[in-house]
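Written below as structure tokens is the structure these notes are about.
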Amino acid sequence: MKLNQHAKLSIAPMMDWTDRHCRYLHRLMSQHCLLYTEMVTAPAVLHGDRDRLLQFDQREQPVALQLGGSDPAQLTQAARIAADFGYAEVNLNCGCPSDRVQSGSFGAVLMEDPAHVARCCATMLDAVDIPVTVKCRIGVDDQNPPDILPDFIAQVSTAGVHRFSIHARKAWLQGLSPKENRDIPPLDYDLVLAMKALFPYLHLSVNGGITSLDMAVDFLRKGLDGVMIGRAAYHSPADILLDADDRIFGHPRSNSAEDIVRLMLPYIDAHLSAGGRLHQVTRHMLGLFQGRPGARNWRRYLSEHAHAEGAGVEVVEAALGQITARAA
1158 MKLNQHAKLS IAPMMDWTDR HCRYLHRLMS QHCLLYTEMV TAPAVLHGDR DRLLQFDQRE
1218 QPVALQLGGS DPAQLTQAAR IAADFGYAEV NLNCGCPSDR VQSGSFGAVL MEDPAHVARC
1278 CATMLDAVDI PVTVKCRIGV DDQNPPDILP DFIAQVSTAG VHRFSIHARK AWLQGLSPKE
1338 NRDIPPLDYD LVLAMKALFP YLHLSVNGGI TSLDMAVDFL RKGLDGVMIG RAAYHSPADI
1398 LLDADDRIFG HPRSNSAEDI VRLMLPYIDA HLSAGGRLHQ VTRHMLGLFQ GRPGARNWRR
1458 YLSEHAHAEG AGVEVVEAAL GQITARAA
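Heads up: the sequence shown begins at 1158 in my numbering, then just goes up one per residue.
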């Protein structure tokens, strides 16, 4: 399956959430959706602990690295490193509104300079044989999205970018916190759909406020090429991912949420054997049974016991017992 086909459904890059443990869990639930790392800045890739930042389990594939940055030379070096690590794609962040990102002149502020984004992407594309994609907003601050978004996409696609994930909200760089920027600016899905009509030859995914597979299927039926889901896939992963391969990709579902927990046990055991802590993995599993009888007990048991010194897979098995006991 080509990467663009995997991108029919993708899980958004989310800081502090979509680490390698989270991605491994998500991959067990969907064999076909495209997974993204947390954003990693290009300087961190160049000068930081690369193994800690970039190492991943090949069973997570296809997985894309999201980069933050605005210096073409740094981004190009980071893209080469990403390709060497085996990532299937490099994605440039043009949507994050945090103060730290603004002070580094990257993230959503790049929406104000599409020519520079095009230059950055062109240099990366010249350096690697994997796709370079862009995640953006529909605009920032006082920009008029129907005017600036087509220009942004046109300029950046001319550089060779063929896939965009569009968060269907403005980012307010002044006056709203990053958290508020995820909820307060109104969603404009119609504008994203209009971009598909303007750019039928590009692969466009919609992001922002998508809470169910039903919504994802509806956007695909309306003609968009892909749907990127964020918080809903993290907080209620089974609701989004267990049926994704069937409904989005045409491959029947084979595992239940209980099965996923059992499939995680060898991975958890290997992580613990390598010196890791149980809670580093199980914090991503708290929402597995969201909405089901016993879900609160599952969350409480893991939350209370996974941080204990020496906690092992027996904690997860005992937590699972909170679910199976209710089912019986």
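Glycine is no exception: its CB is placed at the ideal position from the N, C-alpha and C atoms.
Name the one or two DSSP bridge partners that residue i has.
i: V1438; result: DSSP lists no partner for V1438.
i: I1168; result: L1192 and I1386
i: T1198; result: G1225
i: A1328; result: V1297
i: R1177; result: Note: R1177 sits in no beta bridge, so no partner.
i: S1322; result: K1292 and S1362
i: V1220; result: L1192
What separation, rounded to the nearest whole angstrom, lies between the Cα atoms of residue i and residue j?
i: V1470; j: W1174; result: 21 Å
i: I1405; j: L1306; result: 27 Å
i: V1202; j: G1365; result: 27 Å
i: P1302; j: A1325; result: 10 Å
i: F1242; j: L1249; result: 17 Å
i: P1343; j: I1323; result: 14 Å
i: V1266; j: G1252; result: 8 Å
i: R1378; j: H1163; result: 16 Å
i: F1356; j: M1171; result: 27 Å
i: H1441; j: L1182; result: 8 Å
i: W1455; j: Q1447; result: 10 Å
i: M1372; j: V1274; result: 30 Å
i: A1401; j: M1158; result: 15 Å
i: R1180; j: S1393; result: 14 Å
i: A1452; j: I1480; result: 7 Å
i: T1439; j: N1161; result: 31 Å
i: L1420; j: L1192; result: 19 Å
i: Y1424; j: P1288; result: 29 Å
i: E1217; j: D1426; result: 17 Å
i: V1472; j: S1413; result: 20 Å
Starting from residue i, follow the beta strand (DSSP E) in both directions and report where the run begins and ends.
i: E1493; result: An answer regarding residue 1493 cannot be provided, because it is not within the stretch 1158 to 1485 covered by the chain.
i: S1430; result: S1430 -> not in any beta strand (DSSP E); alpha helix (DSSP H) instead, spanning A1414 to S1430.
i: A1373; result: Premise fails: A1373 lies in the alpha helix (DSSP H), L1370 to R1378, not in any beta strand (DSSP E).
i: T1290; result: V1289 to R1294
i: L1445; result: Here L1445 belongs to no beta strand (DSSP E), and DSSP marks it neither H nor E.
i: H1360; result: H1360 to N1364
Taking the alpha helix (DSSP H) that residue i belongs to, which residues open and close that run?
i: T1233; result: P1229 to F1242
i: A1401; result: A1401 to R1404
i: V1266; result: Unbroken run through V1266: none, as it is neither H nor E.
i: D1396; result: P1394 to L1398
i: V1349; result: Y1346 to L1355
i: R1457; result: A1452 to H1462
i: R1209; result: R1207 to L1211
i: I1312; result: Checking the sequence shown, residue 1312 turns out to be Gln, not Ile. Q1312 -> alpha helix (DSSP H) spans P1302 to T1315.
Point to revise | Cβ contact (3+ pairs, closer than 8 Å) linking the segment 1231–1248 and the segment 1277–1288 | key: The segment 1231–1248, when compared against the segment 1277–1288, does touch it at the 8 Å Cβ threshold.
Exercise for review: Say whether the segment 1396–1413 touches the segment 1457–1468, bearing in mind that this needs 3 or more beta-carbon pairs closer than 8 Å, one atom from each stretch.
Suggested key: They do not touch, by the three-pair rule.
**Study point:** Segment contact flag, the segment 1380–1400 with the segment 1354–1365, C-beta cutoff 8 Å, min 3 pairs
**Key:** Under the Cβ criterion (8 Å, minimum of three pairs), the segment 1380–1400 counts as touching the segment 1354–1365.
Exercise for review: Examine the Cβ distances between the segment 1213–1232 and the segment 1190–1200 and report whether three or more of them are shorter than 8 Å.
Suggested key: Contact check between the segment 1213–1232 and the segment 1190–1200: three or more CB pairs, one atom from each, fall below 8 Å, which counts as touching.
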